[in-house]
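Data block below; observations after.
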Amino acid sequence: MPSAEVAVPDPIIAVKGLSKSFKNTRALENVSFKVPRGAFYGCFGPNGAGKSTLLRILTGQLEPSDGSATVLGLAPGADALALKRNVGIVPESETPPSFLTAVEYLEFVCRLRGLDDGEARITKWLDFFDMADKKDTLCKDMSKGTRQKIMLASAFIHLPPLLFLDEPFINLDPIYQRRVRDFLADFVKAGGSIFMCSHILEIAGKVCTDALILDRGAVLAQGPIASFKGDGRDLADTFLDMIETKGGAPRLA
Amino acid sequence: MGLMMREEARFQSNFTSKLSFYEFPLVLTLFAFAAGYFYEELIRTSPLTQLLVTLHFSILLYGVSTGAFAFLGKEIVDRRFGNVNFLLSAPITQPIQFKTTTSAFYLKDAAYYFAFTLTPIAAGLALAQPFSSYTMPSVLFLWLSVILTFSFGLALAYAFSAVYLKSRRLFGALAFAFMALLAIAGFTDLLPIGVLIPSIHFQLAKDPLSLVATVAITVALSWIATVMVQETFESAESEFKENFLERARRFRRFGRYAPLLAKEWIDLERSHALTKMAFSFAVPLVFLSLSVWFLNNTLGVALKFDTVFYAGNVGFFGVMIYSWLNHIDITEYYDTLPITVPRLIKAKLIVFFIVTTGITAFFVILMAFVNEETWKLAVALPVAFSTSAYTAVATAYLTGLRTNTALLNGPVIARFAIITVPPLLAIAFLSLGYELFPSLALQWIGLVAAGMALITVLLYALIDGRWVKATFQRA
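Chains as they are written, first to last, in this note's numbering: chain A, -5 to 247; chain B, 25 to 499.
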């Protein structure tokens, strides 16, 4: 069961009129949405749509140029430390520290998060990812998939009420994609919430309860996942149609 | 190579702005102009030969500290630059050798430093020439000779880093041999320093043979290093027994910093950075010791460079060690954890003090024995520690976790100079005046050291406010 130091509000994430500019680039434009508590919220969009920028703002790594956001009732920029104590974050690229072993990095994370039962938690996640034989290997010498497993384990280990996942399935083989997918589904059933950016729409379509589609920094569509499916069409079909028609710009097939 | 130059400019300007990047050479020009403008006063206090030798030693160290190019391929393969990638990594996917990209990177860096560091210094001196007694040809001669010295330092470090990757034992032997030769050149008359570093002889004696010798040695070292550059890197998995909890226990007196210190210390050990850092800290100190001894004993300089003068300079080298600490590994993953940039900066400062305190004390005590001034240690040691803490904390305050990049930024280097140069100069001048008015000099040295200690505490406290909004992203 997910646990938190703060009361978990509903909606768990509320974003209003959020915009972000980098020099001459408008990365996000007047983005508004709410993530209900207990949702598996998918954020989709083509490359450069602003998904990772949005995730970085919501996790306190970037300040918005305009608009506001609250996550777990906290302001991500001002309360970044409190926020990070209560969420799990998996970044877009897997980058655990080079010179710690898998088990040492997880110990480090447990210490930083003040978890007393670190050993049991570490054993659980090493078993989950079948990493017993890799526990003493330096992170820099691991494959991309193994590094990704460590980043996932470090985000899940404290079982927070909210997970931010940027391409969590990337570099994982189908066995672990399914295992992680099942864990995330159970996590939501147990009361947790997830905000996930992904291009793997086949998996996202099966697990997400709600979706937000971004294109060039603006919201193209949002709503329950069921509204993106139907008439024999899945999330991927609807997504492609939307981007090619509503997005307006010509794209290569 | 042209593309690499553009890549370098874009990478460096990424820290702030394109304009700030180009302000760095401008700041150097201004400093050099000031030095040229006050040339008459400078040579009144320090003879020209002494100034030139000090300048060449500094430039040589600068070259050595930037030249370990043979490590780059392995760092790229180990992805130690995090999300940042360079053309240097092209051999991983493209039909080109690491030898080719590394040598292009080497030439690019040399050209970069010539254009953005050495030439602006010469330009500043040239601009001040109408106001001083030196001639324009002497500026051009200095420009050429410092380029030679810098290139020699760069090639030396390139060759040594290539040897290190092939055989650490051979590296140790060669490094020891080079240091021994330096010691012989510095402390005896058996080997003139100009033979070991011919560009210094070229500067002092204007001997064309020294010019040819420097170019020949530099080209030879570069060629040897390039030939030795590795094309493949050990991809075997390194395994280590769990050591984090034991380390964290050892650092438990540091409270909430304990896990960070444990992690940083393990990084130092496993990346072999501890050895490299100790070496790169010790080499400049050996150079400094030799130059102080050399100036005191061989040039007939009237001024006495005592142990307190040396102690003040020792502290200044802290910049390099702090910079090393920021270069060992990526930091992006910290963005996923409940930790702030100021906390990591402070953890690195604690590691800095742990690493440098012993080495600093050792060299100051050694110099006191060499100068037969052990009675000055009561002053020299506090001066060394306060200067070291002051310089490191000022560097951390100004540059955060991006020291290498930030110190190539005009406004940052200007602020760095404003903060660090006046107290260091004060210590230097006061120590030189010790022979004339010992009691007064001692009082003022004590005051300057106490002032530095106070500002150190203040800057340490201000790190929080300055860096609290920063993220761990490298670029």
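Where a beta carbon is used, it is the ideal one built from N, C-alpha and C, also for glycine.
Counting only Cβ-Cβ distances below 9 Å, B:Asp330 has no contacts in chain A at all, with the closest Cβ about 42 Å away. Pairing B:Ile352 with B:Ile487 gives a Cβ-Cβ distance that is not under 8 Å. In terms of Cβ geometry, A:Val29 and A:Phe189 form a close pair [threshold 8 Å].
In this structure, DSSP gives A:Leu166 a state outside helix and strand, which the three-state scheme calls coil. Contact between A:Leu66 and A:Gly44 is ruled out by a C-beta separation of about 22 Å, above the 8 Å threshold. Taking each of A:Pro218, A:Gly39 and A:Lys10 in turn and checking the Cα distance to A:Gly211, the smallest one comes out for A:Gly39.
Collapsing the DSSP output to three states places B:Ile290 in a helix.
Within chain A, the residues placing a beta-carbon under 7 Å from that of B:Lys265 are Asp130, ordered along the chain. At least one CB atom of chain A sits nearer than 8 Å to the CB of B:Tyr357. In the structure shown, B:Thr364 falls within a coil segment according to DSSP collapsed to helix, strand and coil.
Straight-line measurement puts the Cα of A:Phe123 at about 10 Å from the Cα of A:Gln142. Here the alpha carbon of B:Val332 sits roughly 18 Å from the alpha carbon of B:Thr380.
As computed with DSSP, A:Gly36 is found in a beta bridge with A:Met190 and A:Ala205. Contacts with chain A at 8 Å (Cβ-Cβ) do not include B:Asp488. Each residue's CA atom was taken as its position, placing B:Phe453 and B:Pro446 some 10 Å apart.
Cα atoms of B:Thr143 and B:Pro232: separation of roughly 22 Å, rounded to the nearest angstrom. At a cut-off of 8 Å between beta-carbon atoms, A:Glu98 makes contact with chain B.
The alpha carbon of A:Ala63 has as its nearest neighbour, out of A:Arg172, A:Asn24 and A:Lys118, the alpha carbon of A:Asn24. Going by DSSP, A:Leu22 is part of the beta strand (DSSP E) stretching over Thr19 to Val29. When CB distances to chain B are screened at a threshold of 9 Å, the residues of the stretch 45 to 57 of chain A falling below it are Arg50, Thr53, Gly54, Gln55, Leu56 and Glu57, in chain order. A:Gly11 sits in a strand when the DSSP states are folded into three classes.
Secondary structure of B:Pro161 (DSSP, three-state): helix. Taking one beta carbon from each stretch, the stretch 197 to 215 of chain B and the stretch 62 to 75 of chain B have fewer than 3 pairs nearer than 8 Å; the two do not touch. Of all residues in the stretch 140 to 170 of chain A, the ones placed with a Cβ closer than 8 Å to any Cβ belonging to chain B are Met145, Ser148 and Ala149, in chain order. Annotated three-state conformation of A:Arg107 is coil, per DSSP.
As computed with DSSP, A:Leu68 is found in a beta bridge with A:Val65.
DSSP, reduced to helix, strand and coil, places B:Ile383 within a helical segment of the structure shown. The C-alpha of B:Val417 lies about 27 Å from the C-alpha of A:Glu57. Look at A:Thr239: its C-beta is not under 8 Å from any C-beta on chain B. The beta carbon of B:Pro222 lies closer than 6 Å to those of Ser234, Ala237 and Thr238 in the same chain, with the five residues before and after it left out. Interface flag for B:Leu52 against chain A is unset, since no Cβ pair is found closer than 8 Å. One finds Thr89, Pro91 and Ser92 in chain A with Cβ atoms closer than 8 Å to the Cβ of B:Ile354, taken in chain order.
For A:Phe16, the pairing in a beta bridge is given by DSSP as A:Thr19. The DSSP assignment places 401 to 423 and 427 to 430 as complete runs of the alpha helix (DSSP H) inside the stretch 383 to 434 of chain B, in order along the chain (cut-off: 4 residues). In the DSSP assignment, B:Gly148 falls within the alpha helix (DSSP H) that extends over Thr143 to Ala152. For A:Phe158, the enclosing beta strand (DSSP E) stretches over residues Leu156 to Asp160.
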